[in-house]
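Enquirer:
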Amino acid sequence: MSRLYSTVIGSLLLLSLTATQLQAQRIIPQPLQVQPVSGTFTLSGSTAIIAGQQAGEAKYLQLLLQEHYGLRLSLQTNATQNSIRLVTDKKLSDLGNEGYQLKVTPEAVTITAPTATGIFYGIQSLRQLMSKNGDACTIACTDIKDKPRFGWRAFMLDEGRYFKGSETVKQLLDKMAALKMNVFHWHLTDDQGWRIEIKKYPLLTSIGGRRDSTQIGGWNSKTYDGKPHQGFYTQEQIKEIIAYAAARHITIVPEIEMPGHASAAIAAYPWLGTTHQQIAVPGTFGVHYEVFNVTDPKVVGFLQDVLQEVIALFPSKVIHIGGDEVKYDQWKADAGVKAYMQQHQLQSPADLQIAFTNDISNYLAGKHRRMAGWNEIMGAKLHEYTDDKDAGTKKLAPGTIVQFWKGDLKLITEAVSKGYDVINSYHALTYLDYDYKSISLENAYSFDPIPAGLDPKYHSRILGSGCQMWGEWIPDTAAMNKQVFPRLAAYAEDGWTVLANKDFRLFSETLRKL
């Protein structure tokens with residue numbers, strides 16, 4: 050009987066641990082290591098938060114529990130049994146800047162990390178383990194050790210096409226934080242709108258921030274809505290949003306398009322282009338011909354002035370300059386541009402773009418910033434409207450971050466082998482404006498930022514991934530949310546979780562509970 054009794058007890062314990070393990074695993078993104086432990090911790094109004102050195106994260110946790118669970122927990126400095134302890138331990142260097150340990154026992158919850166960011170991410174995991182039970186919450190006991198696979202886990206919002214506003218941006222930042230995404234790539238200028246206040250050039254927003262009508266119905270449509278669209282962020286609003294993001298350990302990387310996608314700026318200041326002709330801010334989507342005249346020192350000075358104000362606003366060490374989809378027709382038709390190219394021995398328009406891009410890179414480096422751009426900045430022919438002879442031969446400035454979005458995946462190998470860091474944003478798997486038939490949730494989940502076959506010696510050159518919410522056909526927040534969610538959760542796991550721990554079935558089950 051004793052042997053049978055022991056077998057039954059052992060089987061029940063195994064079942065208990067399995068259930069606990071399943072509960073503990075139900076986190077998006079999936080943690081690095083999960084060790085199941087029997088039992089539960091009960092979180093109630095009598096539970097205390099022990100802040101230690103992390104007063105900011107403790108206050109965040111306190112507000113989160115109050116707003117989402119109706120629990121009013123006190124902040125204390127002395128350890129108690131019934132507590133959530135936030136502990137900073139610099140010795141846990143193996144966890145990096147974003148890793149954490151989360152230990153839940155029946156007596157207490159302890160989140161330990163070398164940095165405040167790690168503590169914050171431990172809180173995000175904790176909230177997913179919580180189950181509401183009357184006036185309290187239960188948390189399955191577990192021991193988690195976690196850190197991200199990649200250091201760059203980005204979401205991009207295009208507001209050049211449609212202005213969304215501060216509340217929408219803050220809601221997105223909240224969702225990103227819950228999913229441990231750490232870069233908000235903010236596409237603030239494009240042909241159809243300029244969305245950031247530049248004090249030295251007020252017409253950028255008063256003229257460039259407004260269009261009279263907008264194309265609707267798809268790329269080939271001749272139909273327009275007949276409604277004006279406008280909006281921009283003041284510098285004070287941007288400062289507020291940056292602070293909101295920083296409290297959630299998210300870096301905002303601004304994108305100011307150059308030398309293409311420049312129609313809104315040229316509509317405001319026609320001397321920025323090669324023709325100097327007055328144009329209207331276009332309401333038609335697609336690639337436009339207007340480009341900055343980068344051979345004119347006054348135009349380059351304008352762009353440096355803009356970047357100076359951007360740098361003063363954004364703490365980010367990375368500034369994105371776009372550089373994609375530049376139509377070279379206006380450059381090729383301008384006598385002054387052709388003379389400049391001949392004088393500087395530039396063999397093609399792409400070489401002119403690279404030379405300009407390198408000048409901007411040097412300017413940013415002088416301000417202790419690093420330049421990023423879409424992969425056209427390397428000079429390869431990617432588009433049908435570009436002639437083969439227009440491809441570039443010049444070398445891109447060292448230290449540039451190349452954001453890959455289009456072309457043969459071999460271009461990633463080319464970039465990393467030349468010493469460039471890469472963000473993988475391959476459009477066929479990461480563009481959120483694509484419908485769910487083009488990129489299903491499972492396809493989004495399958496994305497690996499490291500392309501198949503890439504030599505392991507270059508893996509460290511892949512900084513991570515970005516998913517992009519382009520806005521041409523996304524006029525409002527409701528339409529945006531349908532495209533972003535739930536795929537954002539898949540991209541979060543792509544960036545955080547090691548391949549061996551990814552499981553689409555488990556992910557899908559967990560997603561239904563979020």
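If you count by my numbering, then the sequence shown holds residues 50 to 563, one letter each, in order.
A virtual CB, placed ideally from N, CA and C, is assigned to each residue, including glycine.
(1) Going by Cα to Cα distance, which pick from Glu289, Lys455, Glu339, Pro498 is closest to Ile472?
(2) Work out the CA separation of Thr187 and Tyr54 for me, nearest whole Å.
(3) Do Ala296 and Tyr109 have their C-beta atoms closer together than 9 angstroms?
(4) Let me confirm a value: Thr129 is counted as buried when at least 16 other C-beta atoms fall within 10 Å, else exposed. Which label applies?
(5) Can you check the region 466 to 538 for any beta strand (DSSP E) of at least 3 residues that lies completely inside it and give the ranges in chain order?
(6) Roughly how many whole angstroms lie between the Cα atoms of Gly267 and Val533?
(7) What is the C-beta distance between Gly214 and Leu237, in whole angstroms, given that I count them as a contact (C-beta under 8 angstroms)?
(8) For Tyr273, which of Thr333, Gln220, Pro308 has the nearest alpha-carbon?
(9) Is Ala382 close to the ligand NAP? I mean its beta-carbon at under 8 angstroms from any heavy atom of the ligand.
(10) Can you list, in chain order, the residues of its chain with a C-beta nearer than 6 angstroms to that of Gly520? Leave out the 5 residues immediately preceding and following it.
(11) Going residue by residue through the region 140 to 177, where are the continuous alpha helix (DSSP H) segments of at least 4 residues, counting only ones entirely within it?
(12) So the beta strand (DSSP E) Ser132 belongs to, where does it begin and stop?
(13) Starting from Phe199, trace the alpha helix (DSSP H) in both directions and tell me its first and last residue.
(14) What are the start and end residues of the beta strand (DSSP E) that includes Arg419?
(15) For the alpha helix (DSSP H) that contains Leu352, what are its first and last residues?
(16) With 16 other CB atoms within 10 Å as the buried threshold, where does Thr191 fall?
(17) At what residues does the beta strand (DSSP E) containing Asn179 begin and finish?
(18) Using DSSP with H/G/I as helix, E/B as strand and the rest coil, what is Pro398?
(19) Tell me the DSSP bridge mates of Ala97?
(20) Smallest Cα separation from Gln102: which of Leu112, Lys139, Gly94, Ser466?
(21) Out of Ile193, Met307, Ile299, point me to the one whose CA is closest to Lys376's CA.
(22) Indicate whether Gly468 and Gly513 have their beta-carbon atoms separated by less than 9 angstroms.
(23) So which of Ala189, Arg510, Ala317 has the shortest CA-CA distance to Asp240?
(24) Using the three-state DSSP reduction, which class does Trp545 fall into: helix, strand or coil?
(25) So, with DSSP's three-state summary, where would you put Phe556?
(26) Less than 8 angstroms between C-beta atoms, sequence neighbours within five positions excluded: which residues of the same chain meet that for Ala226?
(27) Distance check for Asp470 and Lys459, CA to CA, integer angstroms please.
(28) When burial is assigned at 16 or more other CB atoms within 10 Å of the CB, is Tyr434 buried or exposed?
(29) Tell me, please, which residues DSSP counts as bridged to Pro85.
(30) Between which residues of its own chain and Pro14 is the CB-CB distance below 7 angstroms, once the five residues before and five after are set aside?
Expert: The relevant details are as follows:
(1) By 1-based counting over the sequence shown, the position of residue 472 is 423. The residue with the shortest Cα to Cα distance from Ile472 is Pro498.
(2) For the purposes of this step, residue 54 is identified with residue 5 of the sequence shown, where counting begins at 1. For the purposes of this step, residue 187 is identified with residue 138 of the sequence shown, where counting begins at 1. With a pLDDT of 48 at Tyr54, under the threshold of 50, the modelled position of this residue cannot be trusted; read the value that follows with caution. Between Tyr54 and Thr187, the C-alpha separation is close to 30 angstroms.
(3) Walking along the sequence shown from the start, residue 296 turns up at place 247. Walking along the sequence shown from the start, residue 109 turns up at place 60. Cβ atoms of Ala296 and Tyr109: closer than 9 angstroms.
(4) Taking the first residue of the sequence shown as 1, we reach residue 129 at position 80. By the 10 Å Cβ count, Thr129 comes out exposed.
(5) 470 to 473, 511 to 518
(6) Locating residue 267 in the sequence shown gives position 218, counting from the first residue. Locating residue 533 in the sequence shown gives position 484, counting from the first residue. Spanning the two alpha carbons is a distance of roughly 19 angstroms.
(7) Here residue 214 corresponds to residue number 165 of the sequence shown, with the count starting at 1. Here residue 237 corresponds to residue number 188 of the sequence shown, with the count starting at 1. That pair is no contact at about 13 angstroms.
(8) Taking the sequence shown and counting its residues from 1, one reaches residue 273 at position 224. Residue Thr333 is the option with its Cα nearest to Tyr273.
(9) Summarising the ligand content, the structure contains no ligands, and the ligand NAP is consequently not present.
(10) For this step, residue 520 is matched to residue 471 along the sequence shown. Closer than 6 angstroms at Cβ, skipping near neighbours: Asp207, Arg210, Tyr211.
(11) none
(12) As a first step, residue 132 is located in the sequence shown; it is residue number 83 there, counting from the start. Per DSSP, Ser132 belongs to the beta strand (DSSP E) from 132 to 137.
(13) To locate residue 199, count along the sequence shown from 1; it is residue 150. Phe199 -> no alpha helix (DSSP H), and no H or E assigned at all.
(14) In the sequence shown, counting from the first residue as 1, residue 419 sits at position 370. It spans 419 to 423 - the beta strand (DSSP E) in which Arg419 sits, taken as one unbroken run.
(15) As a first step, residue 352 is located in the sequence shown; it is residue number 303 there, counting from the start. Element bounds for Leu352: 346 to 362.
(16) Counted from its first residue, the sequence shown places residue 191 at position 142. By the 10 Å Cβ count, Thr191 comes out buried.
(17) For this step, residue 179 is matched to residue 130 along the sequence shown. Residue identity differs from the one stated: residue 179 is Met in this sequence, not Asn. Where Met179 is concerned, the enclosing beta strand (DSSP E) stretches over 179 to 182.
(18) Translated into the one-based positions of the sequence shown, residue 398 becomes position 349. It is helical.
(19) Your numbering for residue 97 matches position 48 in the sequence shown. Answer is Ser123, Ser132, bridged to Ala97.
(20) Numbered from 1 along the sequence shown, position 53 holds the residue referred to as residue 102. Looking at the Cα atoms, Lys139 is the closest of the given residues.
(21) By one-based count along the sequence shown, residue 376 stands at place 327. Checked all of Ile193, Met307, Ile299; the closest Cα to Lys376 is Met307.
(22) For the purposes of this step, residue 468 is taken as residue 419 along the sequence shown, with counting starting at 1. For the purposes of this step, residue 513 is taken as residue 464 along the sequence shown, with counting starting at 1. No, Cβ-Cβ distance for Gly468 and Gly513 is not below 9 angstroms.
(23) Sequence index remark: in the sequence shown, residue 240 carries index 191 (1-based). Minimum Cα distance to Asp240 is reached at Ala317.
(24) Residue mapping note: residue 545 aligns to position 496 of the sequence shown, counting from 1. Helix, per DSSP.
(25) The residue given as residue 556 occupies position 507 in the sequence shown. Three-state result, Phe556: helix.
(26) Position 177 of the sequence shown, counting from 1, holds the residue named residue 226. The answer, listed in chain order, is Phe169, Gln173, Arg297, His298, Ile299.
(27) Here the question's residue 459 lines up with position 410 in the sequence shown. Here the question's residue 470 lines up with position 421 in the sequence shown. Near 14 angstroms, if we compare the C-alpha coordinates of Asp470 and Lys459.
(28) Here residue 434 refers to the residue found at position 385 of the sequence shown. It counts as exposed.
(29) Taking the first residue of the sequence shown as 1, we reach residue 85 at position 36. Beta-bridge pairing links Pro85 to Thr191.
(30) Outside the displayed range of the chain (50 to 563) lies residue 14, so it cannot be described from this structure.
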